[in-house]
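These notes are about the structure you will find just below.
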Amino acid sequence: MKKYLALAALALFAGLSSLPLRADDMSEGSKKREKKLSERSEKRLQNLTKKLGLSAEQQSSVKTALDAEKTKMADLHKETGEKMKALRDDTNSQIKAVLTDDQKAKFEAFLAEQKKNWKEYKHDQKEDSSTPTK
């Protein structure tokens, strides 16, 4: 029992220390991702409780493990996104290095169009996910 309490306290401390100090420190995307991960963890806990017949003590331990996983997943997502952006920026710089001034202007316009299309796509995805399904 002491082992479970110590593990729960450690996981709680680790989880809280990685959270932003204020809610407005999180981007809108981060808030949505956090909410989605929390919902997924809660649903997973409910499914495991139902399928495995978990006791209250087991549920507490599993919730602690799921919360720790959620924190690590959020950190991994952020880290991966930052690395992908750096790679994309580096690649675009390499491309620009071989372009003429006229081509660079066209390339910038191309990138702006891609960004606009991506935002529209994400907006459409948001609307599709909020539409109730039968």
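Going by my numbering, the sequence shown opens with residue 81, and the numbers climb by one from there. Think of the CB as a built atom: it goes at the ideal place given N, C-alpha and C, for glycine as much as any other residue.
For the stretch 114-175, there is no continuous alpha helix (DSSP H) assignment of 4+ residues that stays within its boundaries. For Ser107, the three-state secondary structure derived from DSSP is coil. Secondary structure at Leu179: coil, using DSSP grouped into helix, strand and coil. Per the C-alpha coordinates, the member of Leu179, Val142, Gln139 and Glu149 positioned closest to Glu114 is Glu149. Taking the C-beta atoms as reference points, Thr129 is found nearer than 8 Å to Gln139. Between the alpha carbons of Tyr201 and Lys184 lies a gap of roughly 25 Å. Judged by their CB atoms, Leu146 and Leu125 are nearer to each other than the 8 Å cut-off. The Cβ neighbour count for Lys143, taken over all protein chains shown within 10 Å, is at least 16; the residue is labelled buried.
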